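Since the structure comes first, as structure tokens, the remarks are kept for the end.
2 protein chains.
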Amino acid sequence: MQQRIGVIDLGSNTTRLIVMGYVPHHSFRLLDEVRESVRLAEGIGSDGRLQPGPMQRAIATMRLFNQLCQSSGVQQLIPAATSAVREATNRSEFLARIEQEAGMHFRVLNAEEEAYYGYLGIANSLSLSDAFMIDIGGGSTQVTLMRGRRFIRSVSQPIGALRLTDRLISSDPISHKEFKLLEQTVAEHFANVDWLGKHGANELAGMGGTIRTLADIDRKLRNYPLGLTHAYCFSRDSLADIIEQLRGMTVRERADLPGLNHDRADLILAGAVILHTVMKRGDFEQITVSGQGLREGLFYEQFLSGENPPLLPDIRSFNVQNMARTYNYEAIHAAKVRELSLSLFDQLAILHGYGSWERELLGHAALLHDIGLAVGYYDHHRHGAYLLLNMALPGFSHREQVILAYLVRYHRKGDIDTSELQVVLEADDPVRIARLAALLRLAEYLERRKDQVVQSLRVEISDSVRVIARTNGAADVEIWDANRSSGLFRKAYGREMQIIAA
Amino acid sequence: MQQRIGVIDLGSNTTRLIVMGYVPHHSFRLLDEVRESVRLAEGIGSDGRLQPGPMQRAIATMRLFNQLCQSSGVQQLIPAATSAVREATNRSEFLARIEQEAGMHFRVLNAEEEAYYGYLGIANSLSLSDAFMIDIGGGSTQVTLMRGRRFIRSVSQPIGALRLTDRLISSDPISHKEFKLLEQTVAEHFANVDWLGKHGANELAGMGGTIRTLADIDRKLRNYPLGLTHAYCFSRDSLADIIEQLRGMTVRERADLPGLNHDRADLILAGAVILHTVMKRGDFEQITVSGQGLREGLFYEQFLSGENPPLLPDIRSFNVQNMARTYNYEAIHAAKVRELSLSLFDQLAILHGYGSWERELLGHAALLHDIGLAVGYYDHHRHGAYLLLNMALPGFSHREQVILAYLVRYHRKGDIDTSELQVVLEADDPVRIARLAALLRLAEYLERRKDQVVQSLRVEISDSVRVIARTNGAADVEIWDANRSSGLFRKAYGREMQIIAA
């Protein structure tokens, strides 16, 4: 990683620093992340002034962030502030102090910029083309419309989880009266946003700590088997249930709710009501969560500098490559396994009947099949699956990620068993995985020595299947091993399969 | 890894190639492994001749192994053969053919050499000083006595899992008569080994595929939560139960037994009877399984060349270092975290009362605490624990490995919860882990910027604990973060803790 960049997002509630290592336009990797619950907007009164205590906390935190960046070799730092600073009447005083005492020159994003960078974070990490996006912060909420991956318009409302809690909630658990006022206040702010809803786009994506936290609560309630937040989907109905549950609890009781961070326990209800209101207003049945947002948007602007807008042309291929590079994959071997897998896939189309989606997944799985070697040789197929189930892979749904994980798992050794994660899969995915894995395993064994000895394959289909391998040298190892792996093929396709040299 | 070596072990039943990358005396890593069920000893009659079919299979496999070594950059190849070849009357003919047709010059180990290299494999991978070792092969069984880590004596009996099955078992499931004959035959072979048992050493360690397979069956029967075979222990009583179960099953039925490889289903009963007989004869209540044996012994002779005998002076420290290097740990940061952890441990001795064993584990955990970064930044504490629970860490018991995994898991984030793997732990380990993890987390935060700003620590103990940090520069970040992590300390030690700069 040639360059290191730090991005700071100073919000009304929390502030976060991410450190990325990257090669522009090529690859990147998160190296460090620190989050502080500064609550900068705490106690702001009708005069709109940031209070001395919160300012002091923010300045101390920025000093720490700056030291951290210096000692970890960060060459470029992008500190950005959002609504709390933007709207503060003593904003210049605060910015001058941060500059003097923490040595940081903050960029204060206006409401549209804040929405734009959030859009960049999502448009570069979820496979969406036309969608609404919502970012619920401590002090404000942005809703944005994207069409054809382009930023179309946005609205920012000065209501956020912290601000609403500060102003409207004094009872614990919340009284019926306060709850109704909360709902009513939020509804009023979105009553006039008449472009919000299905005539704009069908999908809704969400970012920010409030929405990630709601997703985590939902995951725990459902005993969802994956630990991934990015690309997680939850429904408006589930959200309504969570709100009902939160309404009946004191802040202290909420602290025991799995998935809920202590320092958000008081704010989460107001945040949930904002989200529910927007979902109802736009008639969205569900929301997809993004782990990336404003900070990553600011990062992508640097990473893809020169592009306007700075969008990855192909999120999925990029992230597969990025993951493969992270684990030092052997590019030539992986490319050959991919080529042989896809050749088999294409020539066997009449037997499996799958289309471009399965073909794409098979190709990605082929590139990633050996990443578990970065963990260790023994069981590296299992380690690869662990990586695919525990790392965000932006651009893919959880179902797709699980399919990829199983393909990597079964590129060698063992009979297919996908029951453990069936809840994330569709009913016909076990068959799909078995058929694709059989091809991947064959291709892997035809590349057993990783020396590209098999040049191409010709498939002859009758009652059984014959695969004729054209080689550029002795390929005994490969053909022997591939024939040994034919059991998986027989089970998946119900036909005998034999590999011979041309 | 500067050098690549291949080691082949051609036995009566299976043959295996391992490829190791290594820097002599420094570090090594398994790069590849291939196993073939050749059954070279199959069908040997009273004339003692290897049969044409098995010889052909062995030669073909060696050709493949040779190709594989050549294309993976192996510079040195050590092919070793054991009892099947050693005792064959047509041995020279077979060796000449392998040399001619597969280009390999085999070293034929005599019985004592076979025992010696097995001893080297175990003495370098299990923390044992005085122990018996047993290696059950396809054609012979070696029992060896080690004292003070030195090879004392061994005995080799010409009974192995394949040979006994071939000669004595024709019924399926085995008849009562054949089973009794099997037991009796094995017992006779060990009746005169009068040095086998408690007057020699208390512990028994086992190697080879038969014993590993029995361990895997036992693990599955017990629903043992770890996937590790190396250092797994099982009892003579469990073995007796497994034998009872196998006796009642046909070979085909055994194929469904979890943990049992298809190509061992027929042989496993005879192997189990050999092991049980030796355990009874020597009055051993349990056996510890080694994942390393003959092949690794041959490797260690190269890796530690110049040492006689080639023994790692400190298996545990070596393997911790080796694992840390495998995952590119930051040595200076890790050493500092280790130093600070141990300084806290020593000065807090009066509060925890722990001794050298806990101190050693804490030091190892400190060196390994960040290895999960090789997987990814997010949740790297969890990834580190995954690595420690899924990689063999020779020299440590499973209990110790789980303690290390939990220490790494809790070096940052979250409250201690060790319930998932409690079955591998002792009753007081949760407290032990909580106390050690609290120190590790403190040390980690005092090294937050990885720049060794904290030089030393002084601990003052009264109703609460004060830690005074001597620093060589501003350490606001570290002291802030460490104080934030004091909750873990308070829970583990029941006292408030405060860190201040000197």
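First to last, the sequence lines map onto chains A and B.
Our numbering puts the first sequence at residues 1 to 502.
Our numbering puts the second sequence at residues 503 to 1004.
The beta-carbon is built from N, C-alpha and C at its ideal position, and this holds for glycine as well.
These figures come from a predicted structure and were not determined experimentally.
Residue i: contacting residues in chain B (beta-carbon distance under 8 Å)
i, result
"residue 9(A)", "What residue 9(A) touches in chain B: nothing, since even the nearest Cβ is about 17 Å away."
"residue 477(A)", "566, 569 and 570"
Of the residues the options, the one placed nearest residue i, counting alpha carbons only
i, options, result
"residue 306(A)", "188(A), 25(A) and 467(A)", "25(A)"
"residue 451(A)", "482(A), 382(A) and 472(A)", "472(A)"
"residue 689(B)", "784(B), 794(B), 720(B) and 714(B)", "784(B)"
"residue 613(B)", "683(B), 834(B) and 796(B)", "796(B)"
"residue 660(B)", "638(B), 927(B) and 558(B)", "638(B)"
"residue 945(B)", "634(B), 914(B) and 923(B)", "914(B)"
"residue 74(A)", "167(A), 20(A) and 43(A)", "20(A)"
"residue 144(A)", "164(A), 52(A), 389(A) and 122(A)", "122(A)"
"residue 314(A)", "128(A), 480(A) and 192(A)", "128(A)"
"residue 892(B)", "976(B), 951(B), 732(B) and 755(B)", "732(B)"
"residue 27(A)", "357(A), 494(A), 312(A) and 486(A)", "312(A)"
"residue 139(A)", "274(A), 310(A) and 454(A)", "274(A)"
"residue 381(A)", "356(A), 415(A) and 182(A)", "415(A)"
"residue 67(A)", "949(B), 926(B) and 968(B)", "949(B)"
Residues that residue i bridges to, as DSSP identifies them
i, result
"residue 579(B)", "508(B)"
"residue 503(A)", "Summary: the structure shown does not reach residue 503(A), with chain A confined to residues 1 through 502, and so no result is reported for it."
"residue 519(B)", "510(B) and 536(B)"
"residue 28(A)", "22(A)"
"residue 508(A)", "It is not possible to answer for residue 508(A), since the shown part of chain A is limited to 1 through 502."
"residue 64(A)", "None; residue 64(A) has no bridge partner."
"residue 973(B)", "956(B)"
"residue 465(A)", "461(A) and 497(A)"
"residue 609(B)", "582(B)"
"residue 171(A)", "DSSP, once it has assigned bridges, lists no residue as partnering residue 171(A)."
"residue 736(B)", "789(B)"
"residue 658(B)", "644(B)"
Spatial distance of residue i from residue j (CA atoms)
i, j, result
"residue 153(A)", "residue 456(A)", "50 Å"
"residue 841(B)", "residue 911(B)", "19 Å"
"residue 405(A)", "residue 396(A)", "12 Å"
"residue 582(B)", "residue 609(B)", "5 Å"
"residue 219(A)", "residue 225(A)", "8 Å"
"residue 351(A)", "residue 421(A)", "26 Å"
"residue 398(A)", "residue 392(A)", "9 Å"
"residue 798(B)", "residue 430(A)", "39 Å"
"residue 366(A)", "residue 886(B)", "26 Å"
"residue 208(A)", "residue 119(A)", "12 Å"
"residue 284(A)", "residue 31(A)", "35 Å"
"residue 970(B)", "residue 1002(B)", "5 Å"
"residue 962(B)", "residue 985(B)", "15 Å"
"residue 160(A)", "residue 85(A)", "14 Å"
"residue 737(B)", "residue 676(B)", "24 Å"
"residue 72(A)", "residue 58(A)", "21 Å"
"residue 872(B)", "residue 940(B)", "16 Å"
"residue 40(A)", "residue 162(A)", "10 Å"
"residue 791(B)", "residue 38(A)", "53 Å"
Interface partners of residue i on chain A, CB under 8 Å
i, result
"residue 976(B)", "67"
"residue 951(B)", "67, 68, 71 and 72"
Chain-ordered neighbours of residue i on chain B, where CB pairs are closer than 7 Å
i, result
"residue 480(A)", "566"
Going along the segment 869 to 886 of chain B in order, which residues come within less than 8 Å of chain A, judged by CB to CB distance? 876, 877, 878, 879, 880, 881, 884 and 885
Given a limit of 8 Å on CB to CB distance, which residues of the segment 64 to 95 of chain A reach chain B? 64, 67, 68, 71 and 72
Of the residues that make up the segment 884 to 903 of chain B, which ones have a beta carbon closer than 8 Å to any beta carbon in chain A? 884, 885, 888, 889, 892, 893 and 894
Name the residues in the segment 9 to 39 of chain A whose C-beta lies less than 8 Å from a C-beta of chain B; which are they? 29, 30, 31, 32 and 33
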